[in-house]
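Presented below is the structure to which this report refers.
Number of protein chains: 8
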Amino acid sequence: MAENETLVGIIMGSQSDWGTMKEAAKILDELGISNEAKIISAHRTPQRLHDYVDAADAKGMKIIIAGAGAAAHLAGVTAALTTLPVLGVPMESPALKGMDSLLSTVQMPGGIPVATLAIGKAGAKNAGLFATAIIALSDKDVSERLIAWRKKQAAAIPLDPVD
Amino acid sequence: MAENETLVGIIMGSQSDWGTMKEAAKILDELGISNEAKIISAHRTPQRLHDYVDAADAKGMKIIIAGAGAAAHLAGVTAALTTLPVLGVPMESPALKGMDSLLSTVQMPGGIPVATLAIGKAGAKNAGLFATAIIALSDKDVSERLIAWRKKQAAAIPLDPVD
Amino acid sequence: MAENETLVGIIMGSQSDWGTMKEAAKILDELGISNEAKIISAHRTPQRLHDYVDAADAKGMKIIIAGAGAAAHLAGVTAALTTLPVLGVPMESPALKGMDSLLSTVQMPGGIPVATLAIGKAGAKNAGLFATAIIALSDKDVSERLIAWRKKQAAAIPLDPVD
Amino acid sequence: MAENETLVGIIMGSQSDWGTMKEAAKILDELGISNEAKIISAHRTPQRLHDYVDAADAKGMKIIIAGAGAAAHLAGVTAALTTLPVLGVPMESPALKGMDSLLSTVQMPGGIPVATLAIGKAGAKNAGLFATAIIALSDKDVSERLIAWRKKQAAAIPLDPVD
Amino acid sequence: MAENETLVGIIMGSQSDWGTMKEAAKILDELGISNEAKIISAHRTPQRLHDYVDAADAKGMKIIIAGAGAAAHLAGVTAALTTLPVLGVPMESPALKGMDSLLSTVQMPGGIPVATLAIGKAGAKNAGLFATAIIALSDKDVSERLIAWRKKQAAAIPLDPVD
Amino acid sequence: MAENETLVGIIMGSQSDWGTMKEAAKILDELGISNEAKIISAHRTPQRLHDYVDAADAKGMKIIIAGAGAAAHLAGVTAALTTLPVLGVPMESPALKGMDSLLSTVQMPGGIPVATLAIGKAGAKNAGLFATAIIALSDKDVSERLIAWRKKQAAAIPLDPVD
Amino acid sequence: MAENETLVGIIMGSQSDWGTMKEAAKILDELGISNEAKIISAHRTPQRLHDYVDAADAKGMKIIIAGAGAAAHLAGVTAALTTLPVLGVPMESPALKGMDSLLSTVQMPGGIPVATLAIGKAGAKNAGLFATAIIALSDKDVSERLIAWRKKQAAAIPLDPVD
Amino acid sequence: MAENETLVGIIMGSQSDWGTMKEAAKILDELGISNEAKIISAHRTPQRLHDYVDAADAKGMKIIIAGAGAAAHLAGVTAALTTLPVLGVPMESPALKGMDSLLSTVQMPGGIPVATLAIGKAGAKNAGLFATAIIALSDKDVSERLIAWRKKQAAAIPLDPVD
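The structure is reproduced here in structure tokens:
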């Protein structure tokens, strides 16, 4: 792996999504997967999205995680521009609580896949874990780190609830 | 109006949407508004969408009607590429009956508007009528035809239901 | 354009909708489109609505933006009284979070169109932008201001999220 | 009761609603309550609705039953024009199966009530029964017929299911 | 009308519903309609409900307003025990925001009607107004008070929104 | 166990529910649990429901399975009249596809439990299995039959799908 | 009953569910039913779940109550591993307010039943009451305590609401 | 790649899912990705699932695609047993049209990811495409085939709709 590779690109529709999407960055950092986070709106900055996807290969990027809310088109439009795996994270939107974001992200028509995680922070964290699982397929060190993380996670859950 | 102008562009994500979207074409034809219909998928043919929007001005196009289903991004992505008014028509999707199409189309974030009509054929017909209403603002003939059409519509409704 | 024209009428079902609907007024003001805001309830003041629509032509009004919540009939009833383009903005209602407002506004039967924007403030702002886009079709100055606004909006989005 | 009184007016948005709404007429006929059925669209024939409501008192009308589908404004708009009790029946709409009709009818804001029955034929039948219950409050014969009908209904239900 | 008649009975499933249901009592008081409010749970106090309905006639009761939340059976079970008109008010429930209450109240099968108002305070107020409208059918004084109230309500709505 | 005991009572709101509810009877028969099926409507035959529940103890009844649709009150009202375990089966209703039946059955307020199974035939079958599981707690033969049935079920599932 | 039996096992997906699930423990304690509460995640600690179910018989456990949120698989996976009755309690999830938890718990396919209670605290309390009702079938003391509790509950409800 | 490797395992809850899930197998076959399809129910055959996941590594399996309906736990339970990427495909369920399947699959809690595709056939096809995209990351031939397939897909869409 080259020094300056960025394996995972995290993009999001607006600054307000960062509170959620940083869960993806945190777990990727914890598992030692290089990543970067950028604000790119499918609607307000369509050219920036094109440029970002065009530059992905040169950075050695393997996976793009796209988080957006409401009529959440970012993941789908990204997937239309690349054959890299695109993971979608629906934001919890103010009125409809993420149901709009979820359906806009997951219900992609046949031909252009977006693989979607849960609404909100759990989804952002799991997008990071899923990206790691993909990278682990061809990187034994990452695979071992992921397995260790999963064991640690299980062990950290107390058996008895506390008041 | 030039001979070869096309005032309204009707675009749709796939051939299967035409059964619905032709309601827009039919009412525009009936009201004498030049229009054309094209299959353009935001996801499967993104370049075709760019080219279409780029060419719209040269055709004298005033309004774009975009019909799509499920994770229906077509109207929103079109609106991101132009400042022309974009009308969205959500298709009745097989599983969720258009609720996914509706939320994906109408819940656009502030800054890039899509004006959305009802799910399915009623929405397609009304998109044609709404486009006509916009054109009527600067074309007295169209305005008169639209007013006449509305009166005819009202008069055609029988007062007594029949078994 | 006459000095005292009002191009866009913003109407809403109650005072409590103003916190949302003023987003429409603000963007219209910013883009230099004359507008006025009035409280008109389809249910509690039906006569006021008739009078308002009857007077719209004399004011040179081109577009009516109607915001209402719950069983939100205002946009539909307005559209029944005029052939001007009517834009609907569903309020975020207390119990059902705007799903009732959205369906009551967008699911208009064929024949009387209402073009609907998103639930809440994003929808109100986009109604203002969409009305501007309609006016821009026949006013080159407005068109240029709208294009400039869109560019400024894109440029104002930072690339890097901040904690 | 005068010979030519019509106690209950049944109105509906279109001919296609009659298959549902005739359940209201049938039960009213069965219970001996004078009624009439008319097609009146809140959106396509708003003037007809005004005229109908204006004439209701002269006919001795006590209750209006309004059936409509999708963005179902008919009951609410009728209630805005009269202080007579207005009963709403949401039609089973093609895409959203009546959820849109239900919310558009029942979620009336405080001040103008619509009392809503179930979606579809059960709702239409119950609107007829509810109108009868209102009339029964001041007509002992009707009250006795209604009580008898309820007893007959209970007795007609077999205890054992049959294959 | 006898001195000690109670025209409208307001019943509710628990003390926690009173914050909502007192809107019904308030508007009935304002319009001079005698009423009483009682806590009666269809599930936890079924015998109390039977006794209450049995005693309704002796009190001269004309209408029962039943407010309940979640699996809201109170209105339906009351309607099963009487031929008096029963109005249902769905409470805004904690998890599903009243959607469960609404469907449990409004979707009554054919044969036993419940006429349902909106979720929450608007529905409670409108239940009071609707009960008044029923009573107004046979009481000219009440009818005049209701018409006056409606006019006052319309007049009290300011035309201009205030910040 | 006495000869003429009926361990499980299956009740349903109408004959039309039997096509679904007989799945409960079939699995109980298969597992050798005595049962009977009756049509009892919470709304149309409330007295029949009271009589049925009053007689349950004398029959040695242990569990009541109640299937109903739309505003499905049958299970809840039954649970209000007995401390026997009551299982609810929501019917697939015509308009809302069982969402109304489900919420009306499962969302019982604290104090009177209904344990709810899935919408439709799967729920009816599982109600029978769940009733068997309860009886198995104090009947070793039933327990063994249930365990054997579960093993047979697993073994009957082929590993390879066939076209 | 042996001294050290635990009749009811309460398991939950995470510590954060305990605030809800302790309602089950409280009512079981109040009714004198031995119980224990453990944190067991179907996803993060699958082996712990296997071990727990394997050990249930030896403890004399009769019923397992499983509370989980979002994609709530705990009750279903538990039911797959045992023929004991499994009660599911859907947590009120942050984004979708428990609708996801409810459907994930209740919509079990035919063959493996989960009996589901309401979303949140009411459901947890009712799970405890339902478990008690099962135990009461073969324990006369418990049956008497449950009947007494139900009577006390009814008597504790005041008839008059207080402001 | 070894001769007898199976890169993608397709598992599904029952034979009835195969009509949908074979879309995944078909696209994988078309793109030359070795795959196998098996019926494995998380609920009815939990041991079979354990055995299958345990054997996955030995087969060189890289990705598991899990399709299930209603309370669709298969993908989540699989993901709990492995760190391989697991893709979920929600079946279109009979009553709730896949909304239950979707929420049960996608709303996984943080820590155990399932990446979810659309409801039904489009989702199954896209699961196959997404699995291919993952394999393409470390197999240049697959990458070229995928890019060629995408181009062919775009080219195959006619521009003009046909009646």
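Protein chains in written order, with our numbering: chain R, 427 to 589; chain C, 427 to 589; chain E, 427 to 589; chain P, 427 to 589; chain B, 427 to 589; chain V, 427 to 589; chain U, 427 to 589; chain F, 427 to 589. We treat Cβ as the ideally placed atom computed from N, Cα and C, and that holds for glycine.
Own chain, CB closer than 8 Å to residue i, minus 5 neighbours either side, in chain order
i: Ala-451/U; result: Ile-436, Asn-461, Ala-463, Gly-554
i: Ala-582/B; result: none
i: Asp-589/R; result: none
i: Ala-559/P; result: Leu-572
i: Asp-586/V; result: none
Own chain, CB closer than 7 Å to residue i, minus 5 neighbours either side, in chain order
i: Ile-561/U; result: Leu-433, Ile-459, Lys-488, Val-568
i: Ile-545/U; result: Pro-516, Glu-518, Gly-524, Ser-527, Leu-528
i: Asp-483/B; result: none
i: Arg-571/U; result: Leu-457, Gly-458
i: Ile-453/R; result: Lys-551, Gly-554, Leu-555
i: Leu-475/B; result: Ile-466, Ala-468, Val-503, Thr-504
C-beta contact flag for residue i and residue j at 8 Å
i: Ala-496/U; j: Ile-538/U; result: no
i: Pro-516/B; j: Leu-507/B; result: no
i: Ala-494/V; j: Ala-468/V; result: yes
i: Val-532/R; j: Val-532/F; result: yes
i: Leu-563/P; j: Ala-541/B; result: no
i: Lys-547/V; j: Gly-486/U; result: no
i: Ala-550/B; j: Met-447/B; result: yes
i: Thr-509/P; j: Arg-576/B; result: yes
Exposure of residue i, with buried meaning 16 or more beta-carbon neighbours within 10 Å
i: Lys-566/F; result: exposed
i: Ile-573/V; result: exposed
i: Pro-584/P; result: exposed
i: Ala-481/F; result: exposed
i: Lys-578/C; result: exposed
i: Asn-552/F; result: buried
i: Asp-443/U; result: buried
i: Val-479/V; result: buried
i: Glu-400/B; result: Outside the shown range of chain B, which is 427 to 589, sits residue 400/B, and nothing can be said about it.
Residues that DSSP places opposite residue i in a beta bridge
i: Pro-539/F; result: Pro-539/F pairs with nothing; no bridge assigned.
i: Lys-464/F; result: Ile-437/F
i: Ala-492/C; result: Ile-437/C, Gly-514/C
Own chain residues within Cβ distance below 6 Å of residue i, not counting five before or after
i: Ala-501/B; result: Ala-492, Val-512, Gly-514, Thr-531, Val-540
i: His-499/V; result: Ala-468
i: Met-534/C; result: Gly-502, Val-540
i: Leu-543/B; result: Val-515, Gly-549, Asn-552, Ala-553
CB contact below 8 Å: residue i versus chain A
i: Trp-444/F; result: In summary, chain A is missing from the structure at hand, where the protein chains are R, C, E, P, B, V, U and F.
Assess, as a yes-or-no matter, whether the segment 465-484 of chain U is touched by the segment 438-446 of chain U under the definition of 3 or more beta carbon pairs within less than 8 Å. yes
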